[in-house]
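Structure, as structure tokens:
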Amino acid sequence: MLKPRLWLAQNMAARQTRFGMALVSALVLASCAGTQSDVGPSASQTQAAETMQAQVEQAEAERMAAEEARQQAERRERVLQAEVDRLAREEAAAEAAREQAEREAAQARREAEERRRRQQARAEQEARIAAQEERINELETQIASYDAMIAEQEETNARLRDAVMAAEDLLRALNVEQEKYDNVDTSGEPIAPLNKARLSELESRTNQLINAAQSRSQ
1 MLKPRLWLAQ
11 NMAARQTRFG
21 MALVSALVLA
31 SCAGTQSDVG
41 PSASQTQAAE
51 TMQAQVEQAE
61 AERMAAEEAR
71 QQAERRERVL
81 QAEVDRLARE
91 EAAAEAAREQ
101 AEREAAQARR
111 EAEERRRRQQ
121 ARAEQEARIA
131 AQEERINELE
141 TQIASYDAMI
151 AEQEETNARL
161 RDAVMAAEDL
171 LRALNVEQEK
181 YDNVDTSGEP
191 IAPLNKARLS
201 ELESRTNQLI
211 NAAQSRSQ
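Quick note, the sequence shown lines up with residues 1 to 218 if you use full-length UniProt numbering.
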């Protein structure tokens with residue numbers, strides 16, 4: 001921007017120099033014309049005056065053109081400076097927007113990472129809970145199995161106890177019947193009749209209970 005202004009200043013200085021020289025020449029001619037006014041201007045003087053007038057007018061026109069060019073250059077400079085300022089503001093705004101976007105992106109990444117960690121922790125916690133629930137189910141199944149085994153064992157034991165009691169009843173009955181042989185008639189038969197039906201019933205019941213207990217224990 002400094003080069004056009006320097007060129008304009010130099011151009012105006014040169015034109016002002018030419019204008020000053022033309023003005024000096026015009027004054028000299030006017031002085032000469034004043035000394036010869038008694039005889040009238042000569043043709044060469046008239047031509048010189050016209051030439052000088054043309055030079056003066058040309059110099060003035062050049063001065064006005066230079067002034068107009070200077071003003072146009074100043075206007076262009078102001079326009080260019082305004083454009084530079086606008087671009088600088090836009091660049092600053094873009095830089096601020098970029099920094100803001102970077103901050104927001106960083107914040108979004110941090111939040112996403114935090115959500116991922118929470119989700120991972122929640123998934124791990126849910127996996128632990130599921131494993132614990134599965135273990136609880138396994139233990140409950142084992143307990144139910146043990147309960148069934150215990151109940152079955154208790155039933156088997158009860159049947160065995162019943163079988164033992166029946167065997168004891170049979171043994172006592174046999175002892176009673178055996179004592180009857182201590183008192184027999186001349187033919188060797190017990191005087192008191194034998195209770196064979198009772199013995200058969202007790203023996204049958206004892207065998208049933210023993211078989212039932214053995215089948216439950218297998």
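Built from N, CA and C at the ideal position, the CB exists for glycine as well.
The region 179 to 195 contacting the region 140 to 152, beta-carbon criterion three pairs below 8 Å: The region 179 to 195 is not in contact with the region 140 to 152.
Rounded distance between the beta-carbons of Ala166 and Gly206, thought under 8 Å: Reading the sequence as shown, one finds Thr at residue 206 and not Gly. Between the beta-carbon of Thr206 and that of Ala166 there is about 4 Å, and that keeps the pair under the 8 Å contact cut.
Can you give me the C-alpha to C-alpha distance between Asp85 and Arg78, rounded to a whole angstrom? Separation of Asp85 and Arg78 (C-alpha to C-alpha, rounded to the nearest whole angstrom) is 10 Å.
Taking the C-alpha atoms as reference points, what is the distance between Gln120 and Ala92? Answer to the nearest angstrom: the Cα atoms are 41 Å apart.
From Glu152 to Thr141, what distance separates their C-alpha atoms? Approximately 16 Å between the Cα atoms of the pair.
So if DSSP puts Pro190 in a beta bridge, which residue, or which two residues, is it bridged to? Bridge partners of Pro190: Val184.
Quick check on DSSP: helix, strand or coil for Gln36? Here Gln36 scores only 45 on pLDDT, less than 50, and its place in the model is too uncertain to base an answer on.
Hey, would you say residue 223 sits closer than 7 Å to Leu170, going by beta carbons? Any answer about residue 223 is impossible in this case: the structure gives the chain only from 1 up to 218.
Any chance the CB of Asn211 is under 6 Å from a heavy atom of the ligand SAM? With respect to the ligand SAM, the structure offers nothing, as it holds no ligand at all.
Quick check on Arg159: buried or exposed, where buried means 16 or more other Cβ atoms within 10 Å of its Cβ? With 16 or more Cβ atoms within 10 Å of its Cβ, Arg159 is classed as buried.
Whose CA, out of Ala105, Glu154, Leu199, lies closest to the CA of Glu168? Here the closest residue by C-alpha is Leu199.
Per-residue DSSP class, three states only, for Ser42: Per DSSP, reduced to three states, the secondary structure at Ser42 is coil, with no helix or strand assignment.
Roughly how far, in whole angstroms, is the beta-carbon of Ala195 from the beta-carbon of Glu179, given that I think they are within contact range, below 8 Å? Rather than Ala, the amino acid found at residue 195 in this sequence is Asn. Rounded to the nearest angstrom, the Cβ distance from Asn195 to Glu179 is 12 Å, too far for a contact under 8 Å.
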